[in-house]
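For the sequence shown, the positions run -25 to -1, 1 to 268 when mature numbering (1 follows the signal peptide of the UniProt record, and there is no 0) is used. Glycine residues also receive a C-beta, built at the ideal position from the N, C-alpha and C atoms.
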Amino acid sequence: MIPNRRRFLTTLAAFAGCPALPVLAQRRQPAADFPLFDTPPASHELSHVDVSADGLTYRLFLALPRGATPSQGWPSLWMLDGNAAFSRLDAAILEAYPGLAVVGIGYPVKEAFDGASRARDYTPVPLEDPMHARGRDWEFGGEAAFRARLLGPLARVLAERARLDPARRSLWGHSYGGVFALATLLSKPAAFRAYMPISATTGFGGRRLFAMEAEAPRLAAGRAEVLMMLGDSEHRSGTPEPEAPRPNPDTLEMAARLAERSDLHVQLEVLKGLGHGATFAASFPRCFALAAG
């Protein structure tokens, strides 16, 4: 029996009978500002760099510890939607984890989110047309190609700037980013030590992730940490707020499936009273603690 399994199953059972939850479409976000760069923490050195790979350009945001580098390298937290993540980080959380390197994988845009790019990069090939684009001309299904860029040329640029321990890196993603975190777990589980899908759009593309889970490879040795978080008040934009808490049943089902695997330690946390957008920053304390541990 995995540690905390009783608590996990208790959490799951509490919401198992909830009605189906529509998944949020991506809202247009305002331009991002970065107060963290205006008042940087004493614990970390901040920078960003643009990197081209396969004809596409990514912006890497870096918060690197100022202390002496451990011989094996720093543990690191890799955060998708890096523009939005670094616009919402503050000095206090970085100073609470002075030995954790934080990497934001973003895009060279002014906005907090690049909707078209994240749809392309973070999603697997759908089994049926996604309903989340709201008429936008978005492409989907590029997560395998993006993972190759992330673990290839983007990771090499990171290695040139900091010594990161490959055995202690964690992947965080929200919404479509959570889809990518799960898709990576289900495709290449040894790529990261810990996976943190937050409010993942688990029903994406005709439940494509569930088809992947049925054929997913297992870790040859050790166990990966999986921390799944979601709000109990998430609902599709433009629809009334739910009258009663109803966390996404697809996410609850995926968590239950993953918890059956002996090579994973799965934790599920339902954030009471929080909607889809609010879980983004609300997840930071738990995820930073896990990444640094």
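_Quick check on Phe255: does DSSP put it in helix, strand or coil?_
helix
_Coil, strand or helix - Ser208 by DSSP_ = coil
*Return the bridge partner residues of Thr32 from the DSSP annotation.*
Ser27
*beta strand (DSSP E) segment containing Arg143, residue limits*: Leu139 to His149
*Residue environment, Pro105, which counts as buried when at least 16 other CB atoms sit within 10 Å*: buried
*Do you know how far the Cα of His210 is from the Cα of His240?*
28 Å
*Can the beta-carbon of Leu246 be found less than 8 Å from the beta-carbon of Thr226?*
no
*Excluding sequence positions up to five away, which residues of its chain have a Cβ less than 6 Å from the Cβ of Gly79?*
Phe36, Met54, Gly57, Ala60 and Phe61
*Beta-carbon contacts of Pro222 that lie in its chain and below 6 Å, excluding the five residues immediately before and after*: Phe(-11), Leu205, Asp207 and Val245
_Assigned secondary structure, residue 274 (DSSP; H/G/I helix, E/B strand, else coil)_ = Within the shown structure, residues of the chain are numbered from -25 to 268, placing residue 274 beyond reach of any answer.
*Go ahead and label Gly268 buried or exposed: buried means 16 or more other beta carbons lie within 10 angstroms of its beta carbon, across all protein chains shown.*
exposed
*Have a look at the DSSP bridge pairing and note the partners of Val201.*
Tyr170 and Val241
*Among the residues of its own chain, which have a CB less than 8 Å from the CB of Asp238, if the five just before and after it don't count?*
Pro164, Arg193, Leu194, Gly197, Arg198 and Ala199
*Does the distance from the CB of Val26 to the CB of Pro128 come in under 8 Å?*
yes
*If you draw a straight line from the alpha carbon of Val(-3) to that of Ser46, how long is it in whole angstroms?*
Since pLDDT at Val(-3) reaches only 37, below the 50 mark, its modelled position is unreliable, and no value is offered.
*Buried or exposed: Phe255, going by 16 or more other Cβ atoms within 10 Å of its Cβ?*
buried
*How would you write the range of the alpha helix (DSSP H) that Leu11 sits in, first residue to last?*
Pro10 to Asp13
*From which residue to which residue does the beta strand (DSSP E) around Val132 run?*
Taken as a continuous stretch (DSSP letters only), Val132 belongs to no beta strand (DSSP E), being part of the alpha helix (DSSP H) at Ala130 to Arg136.
*Per DSSP, which one or two residues make a beta bridge with Trp53?*
Val78 and Leu146
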